[in-house]
Amino acid sequence: MIPVVSLAPQPHRGDMSQQIKFEDAAPATTGTIAVFGATGRQGGAVVDALLDHKATVRALVRDPRSDRARALAARGVELAAIRTDDPASLAAALTAVEAFYFMTPEASNLEEVETEIRIGTALVDAAVEARVPHVVFNSVFGADRERGVPHHDSKHWIEEYLRKSGLRATMVRPTPFMEEMAPSLEHGEIVLRLPLPEDVPLKMISVRDVGRVAAALLLDTAETPGEAVELVGDELTGPQIAAAFGARAGLPARYEALPLSVLPSELDRAMFRQFAKAGEHPSDLGAVRAIEPATLDLTGWIRSTGWATPAGPGHK
1 MIPVVSLAPQ
11 PHRGDMSQQI
21 KFEDAAPATT
31 GTIAVFGATG
41 RQGGAVVDAL
51 LDHKATVRAL
61 VRDPRSDRAR
71 ALAARGVELA
81 AIRTDDPASL
91 AAALTAVEAF
101 YFMTPEASNL
111 EEVETEIRIG
121 TALVDAAVEA
131 RVPHVVFNSV
141 FGADRERGVP
151 HHDSKHWIEE
161 YLRKSGLRAT
171 MVRPTPFMEE
181 MAPSLEHGEI
191 VLRLPLPEDV
201 PLKMISVRDV
211 GRVAAALLLD
221 TAETPGEAVE
231 LVGDELTGPQ
241 IAAAFGARAG
251 LPARYEALPL
261 SVLPSELDRA
271 MFRQFAKAGE
281 HPSDLGAVRA
291 IEPATLDLTG
301 WIRSTGWATP
311 AGPGHK
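What the sequence shown shows, in full-length UniProt numbering, is residues 1 to 316, in sequence order.
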C-alpha cells in the first residue's frame, strides 16, 4: 500500500502574519512542508534537501501510484493526491502545512504557457484558502519584469499574482543549470557549443543548490534581503566553461558560439537572447552563498558529480 496522507480539513494553526523566529542550530519550521513538483528535477532536489534536514514532507502528486511517487513514499514522504483543476483537492492538500514550495510546468509553446499560468494561479488560490504561512515559488532568472520571453514572462505573471495574494512569499529564480552543460570529445579535444557569444558570461546554478536554497527558505534557517533571490552559483564565458571541463579531462578545450538559428523554436531563441543580455550585468555571487554557503561553482560541480570525459565519435 502507498501511504497517502489523510487530508481532512483541520483548524488553522496560528496567524499567517506571525513571523517565525529561528536559530542557526536547527530549523525553525518543524511542521509539514508541502512540495508541488516533487517528482521533477528541481522539486526532487528540494525534497532531497528537506529530508537531509529531517523535515516532514508532503508531496502533491497527480498519481500516487506512479513509479516516482512510490519512490518518494519509500523515503518517508507523505503523498497527497491532487488535481490541478480541482480547487478543493489542492486546498485540502495544503491544510495545516507550515510552508509550501511549488513550481509550474515548463512551457514549450504558447498554449502550454496558458496552462502554466492557470496551474500557478490555482496553486496560489489554494494556498490562500489553506492560509499557508509561507510560500516559496520556483520562478526563473529575470522574472522581476516582463522581458518578451513567453515561458519566462508566465512566471513573472504568477509572481505578480502571488505578490497580490497577501501571502508571505519568497521567489527563487534559477539561472541555467550546470547539468545542461554538455561538452563533447572530438579528436582528443573537449568542445563546447552554445548559442551564446563567446565574450558573454553565462549565469548558472546546480540543481542541487536550487533545492538547498529553497529548503533553507522553507525551513526558515535563512532569509533573503528582499522577497526574491536570483540563483547564480557561477558566471563564466563559453571559453571559460569549456576550459573548466578540459582541465578536468586533462585535455585541450575550445568553445564554438553557435547562431540562434540552431535552436528549434522562437521561445528558445528569445530565451538565449535574454541570457546574453543578462550576462552584461554581473551578479552578486555572495547573495546565494549567504543562504547556502556550500553553493557550487562550475569547477566544484564538475568535481562533486564525478563528471567523466564523454566518449568520442565512433566509440563503442
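Backbone N, C-alpha and C define an ideal beta-carbon position, used for all residues, glycine too.
- Contact check for L263 and F272: beta-carbon distance about 7 Å, within the 8 Å limit, so the pair qualifies.
- Taking C-beta atoms as the reference points, A253 and E189 count as a pair closer than 8 Å.
- Annotated three-state conformation of D52 is helix, per DSSP.
- By the criterion of a C-beta distance shorter than 6 Å, T104 is surrounded in its chain by E116, I119, G120, once the five residues flanking it on both sides are discounted.
- Here the segment 35 to 55 lies against the segment 204 to 218, with 3 or more beta-carbon pairs under 8 Å apart.
- In the displayed model, I82 falls within coil according to three-state DSSP, outside both helix and strand.
- The C-alpha of R83 is placed about 14 Å away from the C-alpha of A127.
- At the C-beta level, A215 and R173 stay beyond 8 Å of one another.
- Burial is judged here by how many other beta carbons sit within 10 angstroms of a residue's own beta carbon; S304 has fewer than 16 and is exposed.
- At a Cβ-Cβ threshold of 8 Å, A93 and A73 do not count as neighbours.
- Check the Cα spacing between H134 and each of G300, P310, V124: the tightest is with V124.
- Under a 10 Å Cβ-count criterion, R75 is classified as exposed, with fewer than 16 other Cβ atoms of the shown protein chains found around its own Cβ.
- Measuring C-alpha to C-alpha distances from I291 to each of L258, E223, T299, G238 identifies E223 as the nearest.
- Residue environment analysis places R58 among the buried positions, since at least 16 neighbouring C-beta atoms fall within 10 angstroms of its C-beta.
- At a Cβ-Cβ threshold of 8 Å, A143 and E159 count as neighbours.
- In the three-state scheme derived from DSSP, where H, G and I count as helix and E and B as strand, V172 is classed as strand.
- Distance from the Cα of P293 is smallest, within the candidate group A69, L231, P64, S66, for L231.
- As a beta-bridge residue in DSSP terms, N138 pairs with M103, V172.
- Distance from the CA atom of S206 to the CA atom of A247, rounded to whole angstroms, is 19 Å.
- Judged by beta-carbon spacing, L219 lies beyond the 8 Å limit of T170, meaning their Cβ atoms are not closer than that value.
- In the three-state DSSP reduction, V132 falls in the coil class, being neither helix nor strand.
- For R68, same chain residues with a beta-carbon under 6 Å away, outside a window of 5 residues either side, are T39 in chain order.
- When C-alpha distances from I241 are compared across Y101, V200, G306, the shortest belongs to V200.
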